[in-house]
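Right, one structure below, let's go through it.
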């Protein structure tokens, strides 16, 4: 059967399932190499820690989007230049369907396993519990390999899974490490009887906490975490100490910030949250 390939179909196929457009126009090698190139680019950027800098993260995704655009245009151009020709054995609807299924499964696997394979994760902040450091609508990147060789230190902003629900993610600040005595008296935080300076906690967000005094000894292999917004944070005062095994990564930076009522908050994009 001889058919002329559609430019629009080739472009749309490569847009939604990178590589499928090349399969459609009869370029099997391109169909395999193209999605692998995108995955490899993201992996290398993460492995080299390039993705954990605001500029590096932006450039990585600009490059990926550029490659995607080139793929869309080139698949369409190949279809435009090609004459009606006999279809190859792999240019069949069931092969396209198989490609879509495999592509979806691979993308889902990489998304759920990126913390292990690539060493990074991304989260949207849904609440004001870390205000003003993080506000509702911030999108952050975290380095999930940061604590492979050492544990968190006081002041680190970390991501961790819920004690009772592993699928629920939290972002808080490390206040106490194993063995520390954490105390809050009249809103004043001390660690091992020494005042813990917290420039990130505003007086406005630390009023009601003065009504509750805390004294907590951090157990081994655990950490005491608090939100910067002490008056509106579900943290160590309710959850207790968080086991080391629950801590997933170290927050890197804000890569995007948007709130439905406030719109895009450009001034927050690129804010660093921790040193590498």
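In our numbering, the protein residues as written are 2 to 277. Just so it is clear, CB atoms sit at the ideal spot from N, CA and C, and this is done for glycine as well.
So residue 77 is in the beta strand (DSSP E); what residue range does that whole segment cover? Segment 55-82 is the alpha helix (DSSP H) holding residue 77; no beta strand (DSSP E) there.
Looking at the secondary structure, which residues open and close the beta strand (DSSP E) in which residue 192 lies? 189-192
Go ahead and pull the three-state DSSP assignment for residue 37. helix
Of the residues 120, 136, 187 and 159, the one placed nearest residue 178, counting alpha carbons only: 159
Do the region 90-103 and the region 197-206 make contact, defined as three or more Cβ pairs closer than 8 Å? no
Compute the beta-carbon to beta-carbon distance between residue 79 and residue 28, rounded to the nearest angstrom, for a pair I have assumed lies under 8 Å. 7 Å
Helix, strand or coil at residue 273 [DSSP, three-state]: strand
Do residue 128 and residue 249 count as a contact pair if the criterion is CB distance below 9 Å? no
Where residue 72 falls, given that 16 or more other Cβ within 10 Å makes a residue buried: buried
State the CB to CB distance for the pair residue 227 and residue 216, rounded to an integer number of angstroms; the pair is presumed to be in contact (CB under 8 Å). With 8 Å as the limit, residue 227 and residue 216 do not qualify as a contact, their Cβ atoms being about 14 Å apart.
Exposed or buried, residue 171, counting other C-beta atoms within 10 Å across all chains shown (16 or more means buried)? buried
Taking the beta strand (DSSP E) that residue 171 belongs to, which residues open and close that run? 170-177
When 7, 254 and 4 are compared against residue 135, the one with the closest alpha-carbon: 254
Should residue 168 go down as buried or exposed, given a rule of 16 or more other Cβ atoms within 10 Å for buried? exposed
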